[in-house]
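What follows is a set of notes on a single structure, which appears directly below.
4 protein chains.
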Amino acid sequence: MIVVMQAHSNDETIEHVLTFLKGHGLSGHLSQGVERTVIGVLGAVGPSGTHSTAGGLNPSISEALEGLPGVEQVLIVSKPFKLASREFHPTNTIVEVPVSCMSDGVARIGGSAVIMMAGPCTVESEKQLMTTAEAVRKEGAVILRGGAFKPSTSPYGFRGMGEDGLKLLAKARDAFGMAIITEVMTPTDVDMVCEYADILQVGTRNMQNYFLLDEVGRVDKPVVLKRGMSATIEEWLLAAEYILAQGNPNVILCERGIRTFEKMTRNTMDISAIPLVKKLSHLPIISDPSQGTGHRDLVSAMSLASVAAGTDGLLIEVHPNPDEALKDGAQSLTIPQFRSLMPQVNAVARAIGRDVITD
Amino acid sequence: MIVVMQAHSNDETIEHVLTFLKGHGLSGHLSQGVERTVIGVLGAVGPSGTHSTAGGLNPSISEALEGLPGVEQVLIVSKPFKLASREFHPTNTIVEVPVSCMSDGVARIGGSAVIMMAGPCTVESEKQLMTTAEAVRKEGAVILRGGAFKPSTSPYGFRGMGEDGLKLLAKARDAFGMAIITEVMTPTDVDMVCEYADILQVGTRNMQNYFLLDEVGRVDKPVVLKRGMSATIEEWLLAAEYILAQGNPNVILCERGIRTFEKMTRNTMDISAIPLVKKLSHLPIISDPSQGTGHRDLVSAMSLASVAAGTDGLLIEVHPNPDEALKDGAQSLTIPQFRSLMPQVNAVARAIGRDVITD
Amino acid sequence: MIVVMQAHSNDETIEHVLTFLKGHGLSGHLSQGVERTVIGVLGAVGPSGTHSTAGGLNPSISEALEGLPGVEQVLIVSKPFKLASREFHPTNTIVEVPVSCMSDGVARIGGSAVIMMAGPCTVESEKQLMTTAEAVRKEGAVILRGGAFKPSTSPYGFRGMGEDGLKLLAKARDAFGMAIITEVMTPTDVDMVCEYADILQVGTRNMQNYFLLDEVGRVDKPVVLKRGMSATIEEWLLAAEYILAQGNPNVILCERGIRTFEKMTRNTMDISAIPLVKKLSHLPIISDPSQGTGHRDLVSAMSLASVAAGTDGLLIEVHPNPDEALKDGAQSLTIPQFRSLMPQVNAVARAIGRDVITD
Amino acid sequence: MIVVMQAHSNDETIEHVLTFLKGHGLSGHLSQGVERTVIGVLGAVGPSGTHSTAGGLNPSISEALEGLPGVEQVLIVSKPFKLASREFHPTNTIVEVPVSCMSDGVARIGGSAVIMMAGPCTVESEKQLMTTAEAVRKEGAVILRGGAFKPSTSPYGFRGMGEDGLKLLAKARDAFGMAIITEVMTPTDVDMVCEYADILQVGTRNMQNYFLLDEVGRVDKPVVLKRGMSATIEEWLLAAEYILAQGNPNVILCERGIRTFEKMTRNTMDISAIPLVKKLSHLPIISDPSQGTGHRDLVSAMSLASVAAGTDGLLIEVHPNPDEALKDGAQSLTIPQFRSLMPQVNAVARAIGRDVITD
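Residue numbers (numbering that gives the first Met the number 0), protein chains in the order written: chain R, 0 to 358; chain U, 0 to 358; chain C, 0 to 358; chain Y, 0 to 358.
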């Protein structure tokens, strides 16, 4: 249930609604726009096992709410995800990320431009990172990706450079003016990663790591939430809801392929998730064609397909020498490949009325 | 194994190679280009259970072949599909379909233009078909789709108008100058469907109906081979190989979505299959975003994504009044939706250096 | 909708109901038991495109039916499959197959005993078939499996011995008194295969080959219908419905594994399909652990699991020398392995109150 | 690589091998049996990005190792999982759990008996837990399951009673003498959960939560590791390897169904995983037919199938009043259903030469 307040309703009337909700065992989540405040009503579920009642509210409660001063309308949101739904927030959410290399100092993910994010899968060394960052920045990427904490299927695989990797990312930011996106894998690392990163990434294996979702919901950095490798779109939006419900509105979804029977690709990119998420939710969505395919030969085509389908950004693995990469070299573009991709992305973006802002 | 003959080798030397192969229990499949003839060597497998030996040829046989007059080179094709592989036929196959409404009288599927195929899922009546055909032709479609024989999951569902439907399709071809594509479901219907259709379609449920593949391999009409709903790309290309091995070179692959755990879409379109098939094979590939998604709201985005990824054509369901369709109304575009899609397709096609020829 | 007639209702009253249905554009499917006749009401769908109305009958029709003489009750079947549903036929269907080696001359599939069906994947030669048949008969199998027509993923693979293979199967039947189960792949072969086989098999690739389903529905041999490799249970029961709707009541379902992301097994056997089908349908269900796993090391465990879950029979590939098999050797048991499996199957069958009748 | 020491080799020779490995940038993992010590050689991967070399050892290192005093044999383990592989540890691992209600005070998971674990999905109240615990104990369960921390797909769902739930579980243990298994969801909770639980459970969503795996690898409680909902068997064994590599040898795998296209069941239980895991690994494996199916009507059949396939234990949800359960009521057995299941499980266990020890 969502309570839409009248335009310019004052704090007192809002407080009154919240108190009313509390009195009925519910809680309210404020979404304050320029003209209007909207309150998402959440059923409170405590350790005593009190059941959520948000789904099956007594009609008299919604009627009573409509009668409160300042309330314009009470809407029932039919979807299990509420704050993430377009019913709750009809206009697109635009996530703003400060980027010093851009002329107006900010990248707007979910806005009219397609945002290019590129860099190595994994931070391996200062030289590798700086070379890659310089190259991708030169071609127009404004956000630098690079893993310092890496999920490795095997305990004997490379698990990343840790905080040393974060420091190198910060150094690259200083050098090239790009914003940094990097993965955080466990709740206790969130604060530390926030010291270095501009955007936190929650990986596919952690899409339902609820303690981690709660924690990234409490910070003020944007969060890229990758789709779980066998997550339905509903489950994915419910994972986003965890973050939103903690008060962090800056969630960016990332399609990175799902697991199917097909063996020739690492994953099967579900491109239809892009328009479907746009329909169901106001949150921006970006694409990761590197993880999505596992083969660099397919990355360009899937980048263009993503843009044509409406993606708000591309997250692309680039490595100066993919054959020597410690991780996922087979899916990393070379720098020349990234260079030739950029104008193609731009052309397709323009064809659908968008563009790519590179500075 | 593939035997590449020297340029301008004469019939006698070719015959000599074929005789040699026959003498070793093998057979040869001729592919005669303008300058050069290539012979695909197939292991013969007879009712006596003789095993295929093409995969494990005695080295002396390939060496002996190389020594025959007129033989330039003997190549081992590493893929299980041979005639369908790009190793066998490095340049793109272009399937030519006579279309009287086009200025030069032919649609070239696999050429530089993206070919638009549209029409109702199912032929329901003369009025429905004619209305739709006229409208999609007016907007630029050059090939008319429409099912006369329909696979129905339930025996109590509508199974199509049969030959009466084919007659209506032929009437629409006469009226609007479009070519006709329609499904054939069983070997004994192939000749009858060929009397009316310009392109035969083998549906997803029949991708491994080998008797049907053999039969459409024996006729001279192009065949659209839809991907099985859980077929790997290798299995799909092997199904194409059945048709090619019977001598019909005009096979067009069609990605129409695969079955996954995601429930919000009818199927998950595997857009990465488009560039992957282009890499592995010389055959053209088209996309069916209607079956691929099951929701008309997603059809436009997935059409554009397909074009951006390199599709050679779009097969789109359009219905004058989708809510009254006997079958699959939810995934059919309305005529105004199809009208607004066309310039978008054109724009994306141009962005990647292709176009859409509408007449 | 199902019309249940009063006990011992006469032909005239039944005819009256059928005439009434016809007058309303519907048709009736008779199921005549010892005491009672039940009429399944099917919506008629003709080439003119008349829609099925069975799903959305006018209440007045069902009321009118209830008022007809001899009608005891009119039931609405909620499932899309009707003749296959347990609502329609509450007791288990028992498919009787004449087997001369059995003491009472008949195997009852769906009865209290688990029926053992074994033999080679493919008939390769008289020696191979006779050796295997003799061995599996000796160990207690009463039905001999063996493919004469084989679906091969590649056109260059072995496609079976054809009618010669059927003749060998008939010879093995004469020699060892077993019944024969073998695959039929295309409608025009049905009559020919019926001349030799006791049970027809429709393979996984043909589960939705509707022309084939229609055709095997018209003959009087039992049909084993394998689950399509990505067929839902509902689709499978609807495929069975095709056969039943043509008048052949002797359909046996066969779980043979579905396609999933797991690569270590050829398919993932859905053992839960066994109790689920038993709940939804009255039809017998058997298991094919050879196709279901692709590895002979897993066949015994999956045979026992199937029996524990309630399977009515096992269809097991056995080869005298699996390493030399033309097809699927890796999943064939050796004869000693089959020998050691039999007492285990018997023990598990007894543990759940069934047994294995071997003669 | 695995170094097998001679029988009764002393600490000095072992230390010598470890020093040798260290000198070559490798580390050794000791597995000390009664007569013999085996050392698993792991490639060390540090934050500096040093690559694992365990997979591609210089032959001279393995030869040098073979020449060291006390070394009997050096084996290369071909699988990516090493400590989890049967090559490393040929005999079954038996995980011993102290259970005071049992006559000899210990349940041996992986031994000859099938161990019954039952209880509510979620601890809801003292009354609910005590009623269920008393009932399942009476019927023969020796381990009590119950979630205090619950993964909930929605942030508005019930997330469990937390430590209060753990206290109730401990109370039930005291009252009925059962051991307690309960889920731990995040690394910082591991110590706290260990204070109450006898067996830790890592849930399906956390199978690749590597920080959590590391943490449960450091404690001395057995760990049940549920298969990820789309995890391959190789990934699952690699997740177990994380725990083993930290020094906790008591890992119990749990098959709980995988995600497929089938919609009638919550998951598709991969029963073939049971014999396959037994072949690949020495670790015990149990089954969760409640999560595996999502329907109580299927739980009994899938329990029996699991036992027939070789499962070492069953983890079954039981609720005194499933219709009022806060979570997953539809898949919980009633107490009478559990009562009638027990003798069936016993009968099938005996049929395959095992049994069920209930006290």
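We put the beta carbon where it would ideally sit given N, CA and C, even for glycine. Just so it is clear, the structure is predicted and the values come from calculations on it, not from any experiment.
- Query: Would you say alanine 196 of chain Y faces chain R, with C-beta separation under 7 Å as the test?
  - Reply: Alanine 196 of chain Y is outside the set of residues whose beta carbon lies under 7 Å from a beta carbon in chain R.
- Task: Use the C-beta contact count for valine 320 of chain R: other C-beta atoms within 10 angstroms, 16 or more gives buried, fewer gives exposed.
- Result: One detail in the question is off: residue 320 of chain R reads as asparagine in this sequence, not valine. Its Cβ having fewer than 16 others within 10 Å, asparagine 320 of chain R is exposed.
- Query: The alpha helix (DSSP H) with glutamate 162 of chain R in it runs from where to where?
  - Reply: 162-175
- Item | CB contact flag (leucine 236 of chain Y, serine 280 of chain Y, <7 Å) | yes
- Task: Below 8 Å on the Cβ atoms is my guess for histidine 356 of chain R versus phenylalanine 337 of chain R; work out the distance and round it to an integer in Å.
- Result: Rather than histidine, the amino acid found at residue 356 of chain R in this sequence is isoleucine. Incorrect: roughly 17 Å between the Cβ atoms, too far for contact.
- C-alpha distance - isoleucine 142 of chain R paired with glycine 291 of chain R, whole-angstrom precision: 19 Å
- arginine 258 of chain R versus chain C: which residues are under 7 Å apart at the beta carbon? Phe260
- Which two residues bound the contiguous alpha helix (DSSP H) that contains glutamate 123 of chain Y? It is not in any alpha helix (DSSP H) - glutamate 123 of chain Y carries neither H nor E in the DSSP assignment.
- Going by other Cβ atoms of all chains shown within 10 Å of its Cβ, with 16 needed for buried, is glutamate 138 of chain R buried or exposed? buried
- Query: Name the DSSP bridge partner or partners of histidine 28 of chain C?
  - Reply: When DSSP reads this structure, histidine 28 of chain C sits in a beta bridge with C/Gly39.
- Buried or exposed: where does valine 44 of chain Y fall if 16 or more other Cβ atoms within 10 Å of its Cβ makes it buried? Residue confidence for valine 44 of chain Y is low, a pLDDT of 37 falling below 50, so the modelled location carries little weight; the figure read from the coordinates is stated next. It counts as buried.
- Query: Under the three-state reduction of DSSP, which class applies to arginine 104 of chain U: helix, strand or coil?
  - Reply: The sequence shown places glycine at residue 104 of chain U, not arginine. Coil, per DSSP.
- Taking the alpha-carbon positions, what's the isoleucine 180 of chain C to histidine 7 of chain Y distance? Taking the straight line joining both Cα atoms gives about 59 Å.
- In the structure shown, what three-state DSSP assignment does valine 338 of chain C receive? The amino acid occupying residue 338 of chain C in the given sequence is arginine; valine does not appear at that position. Arginine 338 of chain C falls in the helix class under three-state DSSP.
- Message: With a threshold of 7 Å between beta carbons, is isoleucine 232 of chain U in contact with chain R?
- Response: yes
- Beta-bridge pairing of alanine 178 of chain C - partner residues as DSSP gives them: C/Ile142
- State yes or no: is the C-beta of asparagine 9 of chain R nearer than 6 Å to some heavy atom of the ligand MG? Summarising the ligand content, the structure contains no ligands, and the ligand MG is consequently not present.
- Message: Determine, for leucine 119 of chain Y, whether the minimum Cβ-Cβ distance to residues of chain R falls below 7 Å.
- Response: Looking at the sequence shown, residue 119 of chain Y is not leucine but proline. Not an interface residue.
- Can you give me the start and stop residues for the beta strand (DSSP E) that glutamine 5 of chain U sits inside? Neither: glutamine 5 of chain U is in no beta strand (DSSP E) and is coded neither H nor E.
- Item | Neighbourhood of glutamate 86 of chain U by C-beta, 8 Å cutoff - its chain only, sequence neighbours within 5 removed | Ile1, Leu74, Val76, Ser77, Lys78
- Sequence-distant residues of the same chain with beta carbon closer than 6 Å to isoleucine 114 of chain R, five excluded per side: Ala106, Ile108, Gly312
- Cβ neighbour criterion (16 or more within 10 Å) applied to arginine 90 of chain R: Per the sequence shown, residue 90 of chain R should be read as threonine rather than arginine. Exposed: under 16 other Cβ atoms inside 10 Å.
- The beta strand (DSSP E) with glutamine 245 of chain C in it runs from where to where? Here glutamine 245 of chain C belongs to no beta strand (DSSP E), and DSSP marks it neither H nor E.
- Along the chain, where does the alpha helix (DSSP H) that runs through glutamate 261 of chain R open and close? Premise fails: glutamate 261 of chain R is in no alpha helix (DSSP H) and is neither H nor E.
- Message: Can you tell me whether glycine 312 of chain R is helix, strand or coil according to DSSP?
- Response: strand
- Message: Strictly by DSSP, which residues pair up with valine 96 of chain R?
- Response: R/Ala106
- Can you find a C-beta in chain Y that's less than 7 Å from the C-beta of asparagine 208 of chain R? yes
- Message: As a quick exercise: from R/Val218, R/Lys220, R/Ala238, pick the residue whose alpha carbon is nearest that of glycine 227 of chain R.
- Response: R/Ala238
- Message: For proline 146 of chain Y and proline 335 of chain Y, I'd like the C-alpha separation in whole angstroms.
- Response: The amino acid at residue 146 of chain Y is misidentified as proline; the sequence shows glycine. If you take the alpha carbons of glycine 146 of chain Y and proline 335 of chain Y, they lie about 22 Å apart.
- Give the secondary structure of aspartate 358 of chain Y by DSSP, where H, G and I count as helix, E and B as strand, and everything else as coil. coil
- List the residues that DSSP assigns as beta-bridge partners of isoleucine 206 of chain U. It is worth fixing the name first, because residue 206 of chain U is methionine in this sequence and not isoleucine. Looking at the DSSP assignment, methionine 206 of chain U forms no beta bridge with any residue, so it has no partner.
- Item | Same chain, Cβ closer than 8 Å to isoleucine 251 of chain C, five either side skipped, listed in chain order | Val94, Ile108, Gly109, Ile198, Pro221, Val222, Val223, Leu224, Leu282, Pro283, Ile284, Ile285, Asp311, Gly312
- methionine 116 of chain C, DSSP secondary structure in three states: strand
- Quick one, which of U/Ile60, U/Gly39, U/Asn9, U/Arg35 has its alpha-carbon nearest histidine 23 of chain U's? U/Ile60
- Message: So leucine 67 of chain R and valine 122 of chain R are supposed to be a Cβ contact under 8 Å. How far apart are they, rounded?
- Response: Not quite, the Cβ-Cβ distance comes to about 53 Å (not below 8 Å), so this is no contact.
- Identified DSSP bridge partners for isoleucine 198 of chain C: C/Ile180
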